[in-house]
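Structure record follows, encoded as structure tokens.
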Amino acid sequence: MDDSNVIEALQRFADIDDPELDALKQCKTCERFLELRMFRRWNQSPDGHLYTCMECDGLHERLGNYHITVRQFILILQRQGWIDPVCGRLLTPATASVDHDHLCCKKDGSCGKCVRGALCVECNAGMGLLGDDPVRMLAGYKYLTQRYAVPPKEGYGRV
Ligand SMILES: [Zn+2]
Ligand SMILES: [Zn+2]
Ligand SMILES: [Zn+2]
């Protein structure tokens, strides 16, 4: 941690109770209305804060491997109503992960054409581990909703 990080951390600590930072401001990137404390300080803007919220700050870098723009990612999230379509949890620019079709692009990144949507980290990882295979997932649903199989009794199968 260099000095500027220490100062920023102390500033953020002081910001928690500052009622002036309860005011809402619209993020230029994600278009959400958020409390002013969600925007890093920047003395060159009229309200002393950046135009883009903290959650959007790192998006450009994070999307680098997926070949979609920050704007495209925000449009995906807006289209989904900021909800993970699988588990129904609320997503934010910081918690949403990019889901892509692994049949098209095997690795972590995407060519940009095979991005399917935004998911929470767990749903994205879970479906990835099941090979993005809908038949397998349906079989998993059937397995989980049937009665538990009772362990066979000793001597099971003998007459
Ligand atoms: Zn934002
Ligand atoms: Zn989820
Ligand atoms: Zn692809």
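If you read the sequence shown in the numbering used here, its first letter stands for residue 57, the second for the next number, and so on. Glycine included, each C-beta is placed from N, C-alpha and C at the ideal position.
Rounded distance between the beta-carbons of residue j and residue i, thought under 8 Å
i	j	result
A174	A152	4 Å
L80	L66	Contact doesn't hold; Cβ gap of about 24 Å is too wide.
E117	T148	No, E117 and T148 are not in contact; Cβ-Cβ is about 16 Å, not under 8 Å.
C157	D188	Note that residue 157 is Asp in the sequence shown here, rather than Cys. Confirmed, Cβ separation roughly 7 Å.
Cβ-heavy atom distance, residue i to ligand 1, below 7 Å
i	result
C167	no
T108	yes
P208	no
E117	no
E91	no
E64	no
P149	yes
P111	The sequence given here has Glu at residue 111, not Pro. It does: the Cβ of E111 is within 7 Å (strictly closer) of some heavy atom of ligand 1.
Backbone secondary structure at residue i - three-state DSSP
i	result
V217	Lying before the first or after the last residue shown, residue 217 is absent from the chain, which here runs from 57 to 215.
S101	coil
H156	strand
L185	helix
A70	helix
E87	coil
G196	helix
V62	helix
I124	coil
V171	strand
L131	helix
R118	helix
C176	coil
In DSSP terms, what residue i is bridged to
i	result
E111	In DSSP, E111 forms no bridge with anything.
Q202	None, per the DSSP bridge assignment.
L80	E91
L146	I139
Distance cut-off 7 Å: residue i Cβ against heavy atoms of ligand 2
i	result
E87	no
heavy atom of ligand 3 below 7 Å from residue i C-beta
i	result
C160	yes
H156	yes
C170	yes
Any heavy atom of ligand 2 within less than 7 Å of residue CB: hits in chain order: D140, V142, C143, R145, L175, C176, E178 and C179
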